[in-house]
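Chains as they are written, first to last, in this note's numbering: chain A, 108 to 611; chain B, 108 to 611. Heads up, the thing below is written out as structure tokens.
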């Protein structure tokens, strides 16, 4: 077994040994404990799990200072961002408590026995049930909001599913600390032992996905990582659902009118978006379509000025820094691509990258510029007229987001751009930037491959659907039904004989 | 290219040459036409597609006599069953028209811009959108309700997705006739050309699943067939969702009290269920737990009497007949399994099978009895006491259904059985039989692997969710939003700022 080390990305030095990589036997023990915990976690009911989620949020907030300090030392994301991330993860836990209390997520439906054009129909009652223990893979770039706690864990627990997390190697100390805080809070809130588990190491992650007790997998990471886990799942005797959030280019279109009206401001804001968190967001704008001509030049000039004035940023780990050098270098060297500006480099021992602004013609986009590059780089593609723009948009890979920066009151071109990009994205953003994914009821963070492999979101309240499966009782006596499906229950929205009814 | 032949299973003889196997070029042409049709099909809107679905139903009913005659000649399922199946498929089309009009399926949600604990939140509006062209694989055993028309096609069209069907080789003439009827009706109803396509042949089916235009696949068939299609999908540059309904044992538990109260009747009814449609239902009860002792003997005796009095049944095709001989023979020859009764054989040239009743002890179930065997065979597992019963239930594979036949007012044992089987089924049936899957709002036809690979149903109104994906508009001007997401729209249920509202 190898040491699990926590590294300081600002210095490149090992800060501490956090743990040993989890053995296959220990993975199996945690999975068995999760399976054993499942009935009792479900038994807590919606109110019990809502209380559990709120207790977890309270506990995390109670250790805010410690958690942020460890996470900052380990990720260099900065105290401001990490405090915000902790707030986000607590908000998310509490929002899922509301989801449980509201109860729509159960999709409860009752069809009483009766006649149908096909003859007599039996009594049928359907609702969604927890799918069973879930494996969650922590993401490198969100140590608090997509890792041990975060959207996957919160939605799985809300659904009634025990969770075993694979800690990301970028922040094992944060993962272990936060895990310990959550486990103590869960125990105090009456959750069964085994509700939460944590494993460290790649081999442990592979063993986790292969374990028979695991009924679904949530993953945020690269396409290659996702493909590798999918292969393990395909080799199971019983392939299970895999929810992967994988790779996203996030194209942005600046219309000629927008460039004319506020080109300089857009340029500055675009740099703010693509360098936010050192460009380590899945919604980072990786390709920006800017019109040719003077108005577009103003956008590019403002971007160049902002990038030239920027300093090197610290990336999360050595692997990301090396990938950034390789992939950004590949884009910069692709045919027709030229470098517009670069921030100040840092030749220290940390894992740093200088922000990089590249440009090319939209008429001939090399393949490299349509692939995600994690880190502070973006490519500006200049387009001559809308034909050239639409030809380029038609070749875009699918992304989590697509963005249109419009002129004031402009509709016609934005509508056409929306229609072109709608089949290639999960969220269309107008007059704002794709980074920043609000947690809410109407959010969708997903999209066709390669952005995800899923028809479900990983952010927002509907993320819970990933960890549920429908179940129907036919002709069941009332004593054998969940309370939510019994006649006379009025606590949640239900569909009765085809008609949706609100709670009373 | 090879001939696509229609065979009469009652005689084993070729009845006609229906078509040529579809070439890869023609598959590509049909997929491109489906992709081109997608925007116009979506543009029809909910009302337009509701009218389309009703027109398809009317057209099918208008050709009822012809369709049933061809299907009966080709499948030997009998005019009674096939008339019922046509009624079912028309009912289903019309029910999805109601689903469209009701509008809940869109899951429309509006979060107005406002403050949140994480700072200002933008305006977010989410609803489900068609996923794009869908490949549907017709099933052998439902020439009208899970083939060219049927749950997959109806729900995909309702969702707004063009459909290319792979006709099943068991009923190509029926498939072609019904397809021609549907295409003419769709054209008359204003659907775009390319809304429906049909391919024949295994190679064409493989090419269909691999085609870039196809965005989801619906399949009803064997685990091996499903695995083969999944492999093709995994090799796509962009793996797409696969909804497979694969294999199901459908265990039945007869409680001691039920056996004591009505053992003879249960035995007779169980034979009716497992020989219905010559045992060619995905919900056929394949393993029946019956208590040891005199009460259980009465169940088995009644089953034996019914089976002995039965005649050979015609199976759908030569492959199914050969598989039945091989797999049922394997079960009959497994350790501890003995043959109780067999119906009268038919030594003609048709693809026939005599109903077969086997028995074994629940204490030691050989692996063979836990695998699905398509055709008229079931195994009765006798159990001594509940410990033995629960040990056996704990080893059951997942199924579409599980059934409990209870005594009058009996609760305790049925509850324990339900809890044991609930994680291994999609529908729990009480005091009835799993064959017969009503089309309704609360139906669920699904379950964990190997019964399906999906968290969605293939029967009932919620089947539409398979062919939709969420989409969110952020900060969109009203002119760019679908009508259902604009302020003031009140035609469908929507979630406004987290609160579910009914239409007004």
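Glycine included, each C-beta is placed from N, C-alpha and C at the ideal position.
By the 10 Å Cβ neighbour count, where 16 or more other Cβ atoms means buried, how is residue 352 (chain B) classified, buried or exposed?
As a working mapping, residue 352 (chain B) is identified with position 245 in the second chain. It is buried - the Cβ of residue 352 (chain B) has at least 16 other Cβ atoms within 10 Å.
Looking at the strands, I want to know which residues DSSP matches up with residue 481 (chain B).
In the second chain, residue 481 (chain B) corresponds to position 374, counting from 1. Paired residue(s): none; residue 481 (chain B) is not in a bridge.
Among the residues of its own chain, which have a CB less than 7 Å from the CB of residue 183 (chain A), if the five just before and after it don't count?
Stepping through the first chain from its first residue, residue 183 (chain A) is reached at position 76. Closer than 7 Å at the Cβ level, and outside the excluded window around residue 183 (chain A), lie 116, 117, 421.
On the three-state DSSP scale, how would you describe residue 423 (chain A)?
Residue mapping note: residue 423 (chain A) aligns to position 316 of the first chain, counting from 1. Correct three-state label for residue 423 (chain A): coil.
Quick one: which unbroken beta strand (DSSP E) runs of 3-plus residues sit fully inside the stretch 390–462 of chain A? Chain order, please.
Taking 3 residues as the shortest admissible run, the stretch 390–462 of chain A contains the following complete beta strand (DSSP E) segments, listed from N- to C-terminal end: 394–398, 445–449.
Taking only runs that begin and end inside the stretch 317–343 of chain A, name each unbroken alpha helix (DSSP H) of 4 or more residues, in chain order.
330–341
Got a sec: is the Cβ-Cβ distance from residue 474 (chain A) to anything in chain B below 8 Å?
Translated into positions along the first chain, residue 474 (chain A) becomes position 367. So no, residue 474 (chain A) is outside the interface.
Apart from the five residues on each side of it in sequence, which residues of its chain come closer than 6 Å, Cβ to Cβ, to residue 520 (chain B)?
The sequence position of residue 520 (chain B) within the second chain is 413, counting from 1. The residues are 362.
Verify the CB distance criterion: does residue 534 (chain B) have a CB-CB separation below 8 Å to chain A?
As a first step, residue 534 (chain B) must be located in the second chain, where it is residue number 427. Judged by the 8 Å Cβ criterion, residue 534 (chain B) is in contact with chain A.
For residue 411 (chain B), which residues of its own chain have a beta-carbon under 7 Å away from its beta-carbon, when the five flanking residues on both sides are left out?
On the second chain, residue 411 (chain B) is found 304 positions in, with the first residue counted as 1. Excluding residues within five positions, the ones whose Cβ falls inside 7 Å are 447, 448, 464.
For residue 486 (chain B), three-class secondary structure by DSSP
For the purposes of this step, residue 486 (chain B) is taken as residue 379 along the second chain, with counting starting at 1. In this structure, residue 486 (chain B) counts as strand in the three-state DSSP scheme.
Residue range of the alpha helix (DSSP H) that includes residue 203 (chain B):
One-based indexing of the second chain puts residue 203 (chain B) at position 96. First-last of the alpha helix (DSSP H) with residue 203 (chain B): 186–209.
By Cβ distance, which residues of its chain are closer than 7 Å to residue 575 (chain A), with the 5 residues on each side in sequence left out?
Taking the first residue of the first chain as position 1, residue 575 (chain A) is located at position 468. For residue 575 (chain A), where only same-chain residues beyond five positions count, the Cβ hits under 7 Å are 235, 236, 237, 238, 266.
Helix, strand or coil for residue 242 (chain A)? Go by DSSP, reduced to three states.
The sequence position of residue 242 (chain A) within the first chain is 135, counting from 1. If DSSP states are grouped into helix, strand and coil, residue 242 (chain A) belongs with the strands.
Quick one: is residue 578 (chain A) near chain B, going by C-beta distance under 8 Å?
Against the first chain, residue 578 (chain A) aligns to sequence position 471. Taking Cβ atoms only, chain B reaches closer than 8 Å to residue 578 (chain A), which makes this a yes.
Proximal residues to residue 160 (chain A) (C-beta, below 8 Å), its chain only, five neighbours per side dropped:
Here residue 160 (chain A) refers to the residue found at position 53 when the first chain is read from its first residue. 200, 201, 203, 204, 207, 261, 264, 265, listed in sequence order.
Sufficient close CB pairs (3 or more, under 8 Å) joining the stretch 274–287 of chain A to the stretch 302–316 of chain A
Result yes; three or more Cβ-Cβ pairs closer than 8 Å.
First through last residue of the beta strand (DSSP E) which encompasses residue 364 (chain A)
If you number the first chain from 1, residue 364 (chain A) lands on position 257. No beta strand (DSSP E) contains residue 364 (chain A), which is instead part of the alpha helix (DSSP H) from 363–382.
Which residues, taken in chain order from the stretch 542–555 of chain B, show a beta carbon closer than 9 Å to some beta carbon of chain A?
543, 545, 546, 547, 548, 549, 550, 551, 552, 553, 554, 555
Residue 550 (chain A) versus residue 360 (chain A) - alpha carbon distance:
Taking the first chain and counting its residues from 1, the one referred to as residue 550 (chain A) is at position 443. Taking the first chain and counting its residues from 1, the one referred to as residue 360 (chain A) is at position 253. About 21 Å.
Count the other C-beta atoms from every protein chain shown that fall within 10 angstroms of the C-beta of residue 109 (chain B), then say buried if there are 16 or more, exposed otherwise.
Translated into positions along the second chain, residue 109 (chain B) becomes position 2. When all chains shown are included, residue 109 (chain B) counts as exposed.
Given the structure, does residue 376 (chain B) come close to the ligand GTP, in the sense that its CB is under 7 Å from one of the ligand's heavy atoms?
Looking at this structure, you won't find the ligand GTP or any other ligand, since it has none at all.
Consult DSSP for residue 574 (chain B) and reduce its assignment to one of helix, strand or coil.
Translated into positions along the second chain, residue 574 (chain B) becomes position 467. Here residue 574 (chain B) sits in helix by DSSP.
8 Å is my cut-off, CB to CB: does residue 537 (chain A) come that close to chain B?
Taking the first chain and counting its residues from 1, one reaches residue 537 (chain A) at position 430. Chain B, which has a Cβ nearer than 8 Å to the Cβ of residue 537 (chain A), makes this yes.
My assumption, with CB atoms under 8 Å, is that residue 126 (chain A) sits in contact with residue 111 (chain A). Please give the rounded CB distance.
Here the question's residue 126 (chain A) lines up with position 19 in the first chain. Here the question's residue 111 (chain A) lines up with position 4 in the first chain. Contact holds; Cβ gap of about 5 Å.
Run the CB neighbour count on residue 172 (chain A), radius 10 Å, all protein chains shown included, and call it buried at 16 or more, exposed below.
Working through the first chain from its first residue, we reach residue 172 (chain A) at position 65. Classification of residue 172 (chain A): exposed, given that the 10 Å Cβ count is below 16.
DSSP has residue 306 (chain B) in a bridge; who is on the other side?
Looking up residue 306 (chain B) in the second chain gives position 199. Residue 306 (chain B) is bridged by DSSP to B:273.
Does the beta-carbon of residue 427 (chain B) have 16 or more other beta-carbons within 10 angstroms, so that it is buried, or is it exposed?
To locate residue 427 (chain B), count along the second chain from 1; it is residue 320. By the neighbour-count criterion, in which a residue is buried when 16 or more other Cβ atoms sit within 10 angstroms of its Cβ, residue 427 (chain B) is buried.
Might you give, ordered along the chain, the residues of its own chain that have their beta carbon closer than 7 Å to the beta carbon of residue 557 (chain A), omitting 5 neighbours on each side?
Counted from its first residue, the first chain places residue 557 (chain A) at position 450. Result list for residue 557 (chain A): 330, 353, 354, 504, 505, in chain order.
What's the C-alpha gap between residue 570 (chain A) and residue 533 (chain A)?
Walking along the first chain from the start, residue 570 (chain A) turns up at place 463. Walking along the first chain from the start, residue 533 (chain A) turns up at place 426. Spanning the two alpha carbons is a distance of roughly 14 Å.
Straight-line Cα distance separating residue 305 (chain B) from residue 147 (chain B):
Reading the second chain from its first residue, position 40 is the one you call residue 147 (chain B). Reading the second chain from its first residue, position 198 is the one you call residue 305 (chain B). When rounded, the distance between both Cα atoms is 19 Å.
Pair within 8 Å by beta-carbon distance, residue 496 (chain B) and residue 396 (chain B)
For the purposes of this step, residue 496 (chain B) is taken as residue 389 along the second chain, with counting starting at 1. For the purposes of this step, residue 396 (chain B) is taken as residue 289 along the second chain, with counting starting at 1. Going by C-beta atoms, residue 496 (chain B) is nearer than 8 Å to residue 396 (chain B).
Measuring CA to CA, which of B:131, B:192, B:209, B:143 is closest to residue 609 (chain B)?
For the purposes of this step, residue 609 (chain B) is taken as the residue at position 502 of the second chain. Minimum Cα-Cα distance from residue 609 (chain B) among the listed residues B:131, B:192, B:209, B:143 corresponds to B:209.
Just the Cα atoms here: how many angstroms apart are residue 155 (chain B) and residue 601 (chain B)?
Stepping through the second chain from its first residue, residue 155 (chain B) is reached at position 48. Stepping through the second chain from its first residue, residue 601 (chain B) is reached at position 494. Distance between the alpha carbons of residue 155 (chain B) and residue 601 (chain B) is about 21 Å.
I want to see whether chain A comes within less than 8 Å of residue 198 (chain B), judged by CB atoms only; does it?
Taking the second chain and counting its residues from 1, one reaches residue 198 (chain B) at position 91. At least one chain A Cβ lies under 8 Å of residue 198 (chain B).
Alpha-carbon spacing of residue 441 (chain B) relative to residue 473 (chain B), whole angstroms:
The residue labelled residue 441 (chain B) in the question sits at position 334 within the second chain. The residue labelled residue 473 (chain B) in the question sits at position 366 within the second chain. Taking the straight line joining both Cα atoms gives about 7 Å.
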